[in-house]
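**Q** Everything in the sequence shown is counted per the working numbering, starting at 404 for the first residue and increasing by one.
Dumping the structure here so I can ask a few things about it.
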Amino acid sequence: MTTWEGIDEFVSVAELGQFSAAAQRLGISSSHVSRQVARLEDRLQTRLLYRSTRKVSLTEAGVTFLAHCQRLIDARDEAMQAVTDLGGSPKGLLRVTCAVAYGEDFIMPLLNDFMQQHPQLKIEMTLTNQMLDLLHGSYDLAIRLGRLQDSSMIATRLAPRRMYLCAAPSYLQRHGAPHSLSELPRHNCLLGSSDTWHFQQRGKETPMRVQGNWQCNSGKAVLEAALRGFGLCQLPDYYVREHLHRGTLRALLSQHEPPHTGVWALYPQQRHLSPKVRQVVTLLKEGLARRSEYQSAEQSGVSC
C-alpha cells in the first residue's frame with residue numbers, strides 16, 4: 404500500500420459527487436472506488452465523505468483534504484506530463500464540445516488542421532447546443548459562445564463576439580428602418596432560441612422582448628430568413644459580417660449595439676492544462692483571428 408492509494412478516487416468522487424461518475428472517469432468499478440476511499444479514511448482515521456443513497460457530500464475534513472489533494476495531483480500530473488512532452492508531438496485523446504453550427508463552420512476545420520499536424524492525436528468532438536458538464540462528461544475543452552455563466556471552469560477568450568441588428572434592403576424598402584428602440588415593436592422580428600434581444604442604452608445593457616411571426620433555434624436559418632426580407636434579426640458578427648460588407652444586409656441602431664461578448668475556450672480549473680489543450684487553444688485563437696468574419700469593421704469595409 405502507498406500513500407497515494409485512494410487519493411485519485413477520493414478527488415474524483417468529491418468533484419463529481421457520485422461514486423459511479425468517479426468510476427466512469429477513472430475507468431474502474433464503483434465498488435473499487437468505494438473500497439479505496441474507505442481504506443483512505445481508515446488510514447487517516449477521519450471521515451471525508453457523507454454518503455447517502457442519492458448523493459455524496461464532503462465533511463469539513465474532506466473539504467480541507469480535497470484542496471491539498473488537488474494540488475498534489477496537479478503537481479504529479481504536471482511532472483509526468485513534462486517528461487512525456489520531451490517526446491514531442493501531442494498524443495492521446497482530446498475530447499471537445501461545441502455548439503453545432505459554430506463547431507461545423509469554425510472549430511472543426513481548425514481541429515482538422517491540428518490533427519493533420521499531430522497524427523498521433525485522437526480527437527473526439529461532440530457538437531450539441533446543450534450545455535454539457537465538462538467534468539461529468541470527461542471533456543478536455545468546451546467552446547462556448549456569448550455570455551459565460553458563473554462556473555468553476557477556466558475561460559480563455561478566443562475571439563470577440565459582436566451582435567448586429569440587421570435587415571435586408573428589401574424589408575427596409577417595404578417597412579422602413581427603425582430609428583429608436585421604441586420603434587422595434589412595430590417591426591417583424593425573426594426570433595432564434597430566445598425572444599429577448601440585448602441592446603445598450605444610456606451606457607447600460609438593456610434586454611428587450613421582441614415579437615414576430617417566425618422563430619427557429621438555428622442562426623443559419625435566421626440569417627436565411629433575414630436575407631429573404633422576412634424581418635429584422637439580431638445575430639453575431641460571424642453570421643452577418645460578409646453580408647453587411649456586400650450590402651445584402653444593413654446594420655441598424657448601431658448606437659444601441661450591446662456590449663461585445665466573446666467566443667471562449669473553457670477547461671476544468673482543478674487540473675493542469677495539458678500541452679495538447681494549451682496548443683489547441685493557441686491554434687484556435689490564431690486560426691479564428693485569421694477568419695474574415697473577425698476582421699475589424701475598418702478592415703472589412705462594414706458601415707454601421
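Backbone N, C-alpha and C define an ideal beta-carbon position, used for all residues, glycine too.
Please report how far the alpha carbon of Leu691 lies from the alpha carbon of Glu408, in whole angstroms.
**A** 43 Å
**Q** Does the distance from the C-beta atom of Val459 to that of Leu452 stay below 8 Å?
**A** yes
**Q** Counting only runs that start and end within the stretch 495-547, where is the beta strand (DSSP E) found for 3 or more residues in a row?
**A** 495-501, 524-530
**Q** Fully enclosed by the stretch 432-485, which beta strand (DSSP E) runs are 3 residues long or longer?
**A** 452-454, 459-461
**Q** Does the beta carbon of Ile476 sit closer than 8 Å to a beta carbon anywhere in chain C?
**A** No chain C is part of this structure, which consists of one protein chain only.
**Q** Determine the contact status of Leu630 and Pro581, defining contact as a CB-CB distance below 8 Å.
**A** no
**Q** Looking at the structure shown, is Pro662 part of a helix, part of a strand, or coil, going by DSSP?
**A** coil
**Q** So what's Glu608 in DSSP terms, helix, strand or just coil?
**A** Strand, per DSSP.
**Q** Going by C-alpha distance, which of Leu530, Ser573, Leu496 is nearest Gln523?
**A** Leu496
**Q** Opposite Arg653 in the DSSP bridges: which residues?
**A** Ala570
**Q** Since Pro671 sits in a beta bridge, which residues does DSSP pair it with?
**A** Met556
**Q** Could you check the C-alpha separation between Arg694 and Arg644 for me, to the nearest Å?
**A** 11 Å
**Q** Take the Cβ of Glu463 as the centre, count every other Cβ of all protein chains shown within 10 Å, and call the residue buried at 16 or more, exposed below.
**A** So Glu463 ends up on the exposed side.
**Q** Using 8 Å as the Cβ pair cut-off and three pairs as the minimum, do the stretch 560-573 and the stretch 651-665 touch?
**A** yes
**Q** Here's the rule I'm using: 16 or more other beta-carbon atoms within 10 Å means buried, otherwise exposed. How should Asp543 be labelled?
**A** buried
**Q** Please classify Asp640 as buried or exposed, where buried requires at least 16 neighbouring CB atoms within 10 angstroms.
**A** buried
**Q** Among Phe422, Tyr697, Val440, Trp617, which has the Cα closest to the Cα of Tyr642?
**A** Tyr697
**Q** Drop a sphere of 10 angstroms on the beta-carbon of Thr609, count the other beta-carbons inside from all chains shown, and report buried for 16 or more, exposed for fewer.
**A** It is exposed - the Cβ of Thr609 has fewer than 16 other Cβ atoms within 10 Å.
**Q** With a threshold of 8 Å, are at least 3 pairs of Cβ atoms found where one atom belongs to the stretch 614-631 and the other to the stretch 583-594?
**A** yes
**Q** Starting from the Cα of Pro493, find the closest Cα among Pro678, Leu686, Lys688, Gln533 and give me that residue.
**A** Pro678
**Q** Does the stretch 525-541 come within contact of the stretch 417-435, defined as at least 3 CB pairs closer than 8 Å?
**A** yes
**Q** Going by DSSP in three states, Ala580 sits in which element: helix, strand or coil?
**A** Coil at Ala580, not helix or strand.
**Q** With Ala570 and Arg649 assumed to form a contact (beta carbons below 8 Å), what rounded beta-carbon distance in angstroms separates them?
**A** Actually they are not in contact, since the Cβ atoms of Ala570 and Arg649 sit about 14 Å apart, beyond 8 Å.
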